[in-house]
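This report concerns only the one structure given below.
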Amino acid sequence: YKNGKSTVEGFLEDYAFVIDGFQSLYEITGAENWLERSGKLITYCLEHFSDPKSGMFFFTHKTANDLIARKTEIYDNVIPSSNSVMAKVLDFQGKIYGDTKLLELSLQMKKNVSEFCIQHLSSFSNWAEIISTWQEQNFEVAVCGERAEEFTKHIQSHFLPGVIFAFSKTESKLPLLTSRLKTGKTMIYICKNNSCNLPVDTVVEALKQIK
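Numbers 31 to 241, taken from the working numbering, label the letters of the sequence shown in order.
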């Protein structure tokens, strides 16, 4: 992109990392516009990069006609592979919105590489992190109330790989947060696979449930 003009179609990794960044911004700020932006880019990727036969994504845009063949990048090198990042962002978006189609696609992607991951771990390091957190520590943390941002940042200060955060000071339409706002209270819900424990009102109690 130069002087207001773009001459090359973006690659899958460009979209995947931007989506990942938008989702991280949501977890930090609670501003749902970042989720909306990431959702639009995911829809674009599904339309222009997906390979229905393999359940993965091509590295190049479907309009890249100058190539002999479209490749599918799965190996994690210095930079994580575009498909491993896509599996992560699909899982995140699916859990936040309760979108089973995105969750199923992410799961299929993990299954596609699980055997390779076991046999050649050094070449699938990002996949290994995604798969291990999916199997072991797959929590969603929903925080609702006036002190939601404060509580969330306190929990986020701990190293909790694989944990997804959603918070709001007001009523939200997001499935992970809807109908959980209690007047005059800030409640923390620790959930796993769409099933939540009874809410707690302190960070200490929440961390006990996660750890």
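Even glycine gets a Cβ: it sits at the ideal position worked out from N, Cα and C. Computed from a prediction, not measured in an experiment: that's the story for all the values here.
Between which residues of its own chain and residue i is the CB-CB distance below 6 Å, once the five residues before and five after are set aside?
{"i": "residue 201", "result": "211"}
{"i": "residue 120", "result": "132, 135, 136"}
{"i": "residue 57", "result": "195"}
Quick check: what's the CA-CA separation for residue i versus residue j?
{"i": "residue 48", "j": "residue 75", "result": "12 Å"}
{"i": "residue 26", "j": "residue 45", "result": "The question about residue 26 has no answer, for the chain in this structure spans 31 to 241."}
{"i": "residue 77", "j": "residue 163", "result": "28 Å"}
{"i": "residue 59", "j": "residue 156", "result": "25 Å"}
{"i": "residue 131", "j": "residue 36", "result": "32 Å"}
{"i": "residue 16", "j": "residue 139", "result": "Coverage of the chain is limited to positions 31 through 241, which leaves residue 16 absent and any answer about it impossible."}
{"i": "residue 55", "j": "residue 237", "result": "22 Å"}
{"i": "residue 296", "j": "residue 73", "result": "Nothing about residue 296 can be read from this structure; the chain reaches only from 31 to 241."}
So who's on the other strand from residue i, going by DSSP bridges?
{"i": "residue 125", "result": "Bridge partners of residue 125: none, in fact."}
{"i": "residue 226", "result": "221"}
{"i": "residue 32", "result": "35"}
Assuming residue i contacts residue j under a Cβ cut-off of 8 Å, what Cβ separation, rounded to an integer in Å, is found between them?
{"i": "residue 85", "j": "residue 135", "result": "7 Å"}
{"i": "residue 67", "j": "residue 52", "result": "5 Å"}
{"i": "residue 218", "j": "residue 229", "result": "6 Å"}
Counting only the same chain and skipping the five closest in sequence on each side, list residues whose C-beta sits under 8 Å from that of residue i.
{"i": "residue 94", "result": "39, 100"}
*Taking only runs that begin and end inside the segment 190-221, name each unbroken beta strand (DSSP E) of 3 or more residues, in chain order.*
194-198
*Identify every run of the alpha helix (DSSP H) within the segment 53-116, keeping only runs that are complete inside it and at least 4 residues long; order them along the chain.*
63-78
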